[in-house]
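Take a look at the structure set out below.
Residue numbers (my numbering): -16 to 149.
In structure tokens, the structure reads:
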């Protein structure tokens, strides 16, 4: 993967993770489920940082779970992201970007993200490795330009809902 050529994120692959992908859980879009997604991918991704936007969730503790801002907000490393998710019982909605650390000097202040269910929408941001959307407590949508990332997630969670954009 050569992310230095990326001008904007234009995903070609989508995996939907529904409740059948988490057979031991009675609900979908749980913080623990998002942690398992991050754990499944972290070793396959180059050095990266997580960002979030338009997040609403039910949580516990002191986690800020009502970030109803479509501006991208820094979450941090995988460890920071997993700590954030551990304070979430269930995401109502949210968008999370995994951005290659080589692109962190870019100005992402003007980039806005919403959870609108528009498959394969481009994002005007360089170095995005993947986007994870939690949508209406119904599913996780994982979007990437890299087919290998989509295949890893699809296999890890037994998802048959892997879609490739023409």
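Quick reminder that beta carbons are idealized off the backbone N, C-alpha and C, glycines included.
On a CA-only basis, which of the options is nearest residue i? Give me that one, please.
| i | options | result |
| --- | --- | --- |
| residue 26 | 41, 34, 131 | 131 |
| residue 0 | 34, 22, 112, 142 | 142 |
| residue 126 | 139, 3, 105 | 105 |
| residue 40 | 17, 30, 32, 22 | 17 |
| residue 137 | 4, 74, -5 | 4 |
| residue 140 | -6, 10, 23, 69 | 23 |
| residue 68 | 42, 82, 53, 81 | 42 |
| residue 112 | 65, 133, 7 | 133 |
| residue 12 | -4, 81, 71 | 71 |
| residue 76 | 102, -9, 123, 82 | 123 |
| residue 81 | -4, 110, 103 | 110 |
| residue 96 | -9, 85, 53, 6 | 53 |
| residue 33 | 145, 84, 94, 121 | 84 |
| residue 38 | 65, 64, 7, 74 | 74 |
What does the Cβ neighbour count give for residue i, buried or exposed, with the cut at 16 atoms within 10 Å?
| i | result |
| --- | --- |
| residue 117 | buried |
| residue 28 | buried |
| residue 147 | exposed |
| residue 14 | buried |
| residue 36 | buried |
| residue -2 | buried |
| residue 58 | buried |
| residue -6 | buried |
| residue -12 | Confidence at residue -12 is low in this model, with a pLDDT of 46, below 50, so its placement is unreliable and the value that follows should be read with caution. By the neighbour-count rule (16 or more Cβ atoms within 10 Å), residue -12 is not buried but exposed. |
| residue 62 | exposed |
| residue 20 | buried |
| residue 119 | exposed |
Which one or two residues does DSSP pair with residue i in a beta bridge?
| i | result |
| --- | --- |
| residue 95 | 54 |
| residue 68 | According to DSSP, which records beta bridges pairwise, residue 68 is partnered with nothing at all. |
| residue 112 | Residue 112 pairs with nothing; no bridge assigned. |
| residue 139 | According to DSSP, which records beta bridges pairwise, residue 139 is partnered with nothing at all. |
| residue 31 | 83 |
| residue 74 | 40 |
| residue 106 | -8 |
DSSP three-state label for residue i, please.
| i | result |
| --- | --- |
| residue 39 | strand |
| residue 127 | strand |
| residue 18 | helix |
| residue -3 | strand |
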